[in-house]
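Numbering (the working numbering), first residue to last: 2 to 139.
Please read the structure below before turning to the comments.
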Amino acid sequence: METKIKSYFEKLNPMKLELKGKIKVDKIEKLGKGLSSLNYLVNTNNKKFIFRLKVDEDMASAEREFKNLKFFQDKDFAPKVYLFDCSKENFECPFLILSYLEGKIIKELKEFNKERIRRRSEERRVGKECRSRWSPYH
């Protein structure tokens, strides 16, 4: 799949991705699979993109995701949509090309939140213990 993605990117008009000059793909990395998509990180011309292949057969779902992303793309929490293709001419499924947003992956956030909840629980336990020991004197 990575070879096919690389070939597709390198044939694209650079202006579609807001790039200047010929597109050269430096690296493609599979990020994982969502409920209905395969996600790849594509490094090209010192810019990162997400190539999201919509593997479910629900075309309405792909179109809905595209519309939602377009609606929110001016916000700092949503990626910019550069391209949406549901023709199945280049890939067997609809796909999107999105800007890459730096940040933590969901798994890291879940671990961070677990640790935060554990610390808060410990702080509450210590607070209750202190109150029970000292409250009779105040």
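Positions of the beta carbon are idealized from the N, C-alpha and C atoms, including for glycine.
- Rounded to whole angstroms, the gap between the alpha carbons of Pro-95 and Val-127 is 54 Å.
- Distance from the CA atom of Asp-57 to the CA atom of Asn-40, rounded to whole angstroms, is 13 Å.
- Membership of Glu-66 in the alpha helix (DSSP H) is indicated by the continuous run 60–73.
- When DSSP reads this structure, Phe-85 sits in a beta bridge with Leu-97.
- Straight across, the Cα-Cα distance linking Glu-66 with Arg-125 is about 41 Å.
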